[in-house]
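Numbering (the working numbering), first residue to last: 3 to 460.
Positions of the beta carbon are idealized from the N, C-alpha and C atoms, including for glycine.
Every value quoted in this text rests on a predicted model; they were computed, and no experiment measured them.
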């Protein structure tokens, strides 16, 4: 552990260094997934006592909200990725004052964007949610849920940014610990608010607000008082164009990529709703959360590789980054095969743990069977994104992702018109295969060029 809470990733054992960085990131993601699935499980039991329709309608509402929260997180990525890469590269180059300046700029950006975005969601909640073509009663319930959540979203934007600063400094355990405390609190509050106090679906929203405010409070206390990372950097400053351009250059492609991915999935949810009703939308959103097993593992390693590569690239140790990437791909392959087998053979039973209703289990089994065939490709794509981000080349993976994700929409309409709702799942699967093949090949070509450029400093 180095100066002012910094973890130097440019020396030491590569695999252990990567795992120390990746495991807390994965832990954070898995805790988030565990909370989301538990919340869905509670919601799935709202209709107990012969009213299963209540459960699937509530799941559809929370699924529509989940899509908007995905979009919200994607927008927050702008500051988070900017912090992760800019702070990480500044530390790798041993320019601590620069790292501190970037931390101040990304915090200012996250606060500004967060406030603007939340005002939009609060004011236009019902028109936005009507996009999903759900029953008006479901849309009204979802709009109130969204407005309750809006209270905590600006603080969540800043927490994302603080996570990026800690990740760039090689201190991924701190965001993991903070989010773990928040998610445990959320898990405790949900059943109390939903059932004991009788608040139903909206009790879940209130629990999330309290937990997110708690997570922000933990970050604020640690950065300001307990262990000030990078020293005392200011949260709100008058930004300088030089720093803004660098942060936006790094963060915007990733943010746009993830935002468009969310928007594309919102469109796919609309197709699923058109061809499968609220059961179709519920299947996609709930199934997507179950897929979080592989998504979150990949995202953890992707973020770890981004920070690992950022420091080593800036320090001229590009070969260390390549070795870390190979280790990560081997781990992804192992996990992906195991999860794929589980999805293909036991999809219905797995789905039933969340929504224990026969119609939902049958639809969920179809979804997970198709997704089980392509999990490894999805993991390879996400892991490779981290390598691109680490060397500051965030545009290439964004181009690949946006292109093939956008193709999902016309493909979904085409296949669904012939195959029904399962055509939507095949549209997602086909594009995942393409991305999982093209992106690693592209990075291999890029890496060889970078080696030639960096060879004198290796």
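- Of the other Cβ atoms in all chains shown, 16 or more fall within 10 Å of the Cβ of residue 93; this residue is therefore buried.
- Counting every other CB atom within 10 Å of its CB across the protein chains shown gives residue 13 a total below 16, marking it as exposed.
- Here residue 396 is buried, its C-beta having at least 16 other C-beta atoms within 10 Å.
- Between the alpha carbons of residue 116 and residue 347 lies a gap of roughly 42 Å.
- Counting every other CB atom within 10 Å of its CB across the protein chains shown gives residue 360 a total below 16, marking it as exposed.
- Under the DSSP assignment, residue 300 falls in the alpha helix (DSSP H) whose first and last residues are 294 to 316.
- According to the DSSP assignment, residue 385 belongs to the alpha helix (DSSP H) that extends over 377 to 392.
- 310 is the residue among 310, 146 and 291 whose C-alpha sits nearest the C-alpha of residue 88.
- The beta carbon of residue 175 is closer than 7 Å to those of 26 in its chain, skipping five residues each way along the sequence.
- In the three-state reduction of the DSSP assignment, residue 107 falls in the helix class.
- DSSP, reduced to helix, strand and coil, places residue 180 within a helical segment of the structure shown.
- In this structure, the straight-line span from the alpha carbon of residue 128 to that of residue 152 is close to 13 Å.
- Contact between the stretch 245 to 261 and the stretch 339 to 359 is absent, with fewer than three C-beta pairs closer than 8 Å.
- The residue among 303, 246, 251 and 43 with its C-alpha nearest the C-alpha of residue 196 is 43.
- Under the Cβ criterion (8 Å, minimum of three pairs), the stretch 279 to 291 counts as touching the stretch 367 to 377.
- Contact between residue 59 and residue 140 holds, with the beta-carbon distance rounding to 5 Å and staying under 8 Å.
- Sequence-distant Cβ neighbours of residue 71 in its own chain, meaning closer than 8 Å and more than five residues away, are 151.
- Taking a contact to require three or more Cβ pairs closer than 8 Å, the stretch 96 to 115 and the stretch 182 to 199 do not qualify as touching.
- Residue 368 carries a helical assignment under DSSP once its states are collapsed to helix, strand and coil.
- Taking all protein chains shown into account, residue 299 has 16 or more neighbouring C-beta atoms within 10 Å of its C-beta and is therefore buried.
- Between residue 29 and residue 422, the C-beta gap is not smaller than 9 Å, which leaves the two residues out of contact.
- In summary, residue 155 is buried, with 16 or more beta-carbon neighbours lying within 10 Å of its beta-carbon over all protein chains present.
- Here the alpha carbon of residue 138 sits roughly 29 Å from the alpha carbon of residue 158.
- For the set 362, 393 and 382, the Cα lying nearest the Cα of residue 333 is the one of 382.
- For the pair residue 367 and residue 275, the Cα-to-Cα distance works out to about 18 Å.
- Non-local C-beta neighbours of residue 81 in its own chain, meaning closer than 8 Å and more than five positions away in sequence, comprise 108, 109, 111, 112, 115, 159, 162, 163, 166, 249 and 253, ordered along the chain.
- Contact annotation: residue 353 and residue 369 have beta-carbon atoms nearer than 9 Å.
- With a minimum length of 3 residues, there is no unbroken run of beta strand (DSSP E) contained wholly in the stretch 98 to 159.
- Bounds of the alpha helix (DSSP H) holding residue 352 are 320 to 354.
- Within its own chain, the residues whose Cβ lies closer than 6 Å to the Cβ of residue 79, once the five positions on either side in sequence are excluded, are 256, 257 and 260, listed in chain order.
- Assignment of residue 357 by DSSP, reduced to helix, strand and coil, places it in the coil class.
- By the CB criterion at 9 Å, residue 192 and residue 202 fall outside the cutoff.
- By the beta-carbon neighbour count (other beta carbons within 10 angstroms, threshold 16), residue 335 is exposed.
- A straight-line Cα-Cα distance of about 43 Å links residue 223 and residue 349.
- As the crow flies, the alpha-carbon of residue 442 is around 10 Å from that of residue 448.
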